[in-house]
Amino acid sequence: MEQKKNNIILVGFMGTGKSVVGKKLSRVLKRELVDTDSLIEKKAGKSIPKIFSEDGEEHFRGLESEVAKEVSKKKNCVIIAGGGIVLREENIRVLKTNGILICLEASPEVIYERVKNDTYRPLLQVKDPLQKIRDLLEYRKKYYDRADYFIDTSELIIDEVVDEIMKYEMSKSKVQNPK
């Protein structure tokens, strides 16, 4: 009998709403909230922008993989995954062992509007951040496509996204636990 995958793992590009949706979802479902970026910062003893500037993106991605393995062992959590966690196949594989991957999406223009004043995003500290967003989205699409379910948050408010996730969760449990 297949083990029920009980973690809800939010993946997707920066600015798609993973953090705000994850916080609300964990409150509504009364589940522990786990944020991979926070765990990485704790492990490294410094902020993500500092990790990028002092140690480089590759070092950051290594820490991200360590954290992915750790959180995949948790049960019944809402996990907010960093935007690039899907860039390594091993991360997708370990996260899916005990969870469903829900990819939050938004248009490049909406993402830009949501993050344009945020200096905490090391990958967007470039001359043309909107083009960088487009380029990164195009590159990452094949990775995000490995998710189990997709929600475009461009025109939705937080509660609508949470409702959509809960409907999906309920439909999964009916299939896995037929009466």
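Heads up: the sequence shown begins at 108 in the numbering used here, then just goes up one per residue. Ideal Cβ placement from N, Cα and C applies to all residues, glycine included.
Check, Outcome
"Do you know how far the Cα of Ile209 is from the Cα of Ser133?", "14 Å"
"Rounded to a whole number of angstroms, what is the C-alpha to C-alpha distance between Ser172 and Val193?", "10 Å"
"On the three-state DSSP scale, how would you describe Asp266?", "helix"
"Where does the unbroken alpha helix (DSSP H) through Ile218 begin, and where does it stop?", "Pro215 to Val222"
"Between which two residues does the alpha helix (DSSP H) containing Val135 stretch?", "Lys125 to Leu136"
"Among Asn114, Gly124, Ile116 and Ile115, which residue has its Cα nearest to the Cα of Ser261?", "Gly124"
"If you check the beta carbons only, do Gly122 and Ala254 fall under 8 Å apart?", "no"
"Does Gly190 pass the burial test, meaning 16 or more other C-beta atoms within 10 Å, or should it be called exposed?", "buried"
"Taking the Cβ atom as the reference point for each residue, do Ile272 and Ile116 lie within a distance shorter than 8 Å?", "no"
"Measure the C-alpha to C-alpha separation of Glu148 and Lys157 and round it to an integer number of angstroms.", "9 Å"
"If you check the beta carbons only, do Asn113 and Asn183 fall under 8 Å apart?", "yes"
"May I have the straight-line CA-CA distance separating Arg221 from Arg228, to the nearest angstrom?", "12 Å"
"Quick check: what's the CA-CA separation for Val233 versus Asp225?", "13 Å"
"Starting from the N-terminal side, write out each stretch of the alpha helix (DSSP H) that is 4 residues or longer and does not extend beyond the stretch 112-194.", "125-136, 143-151, 155-162 and 164-178"
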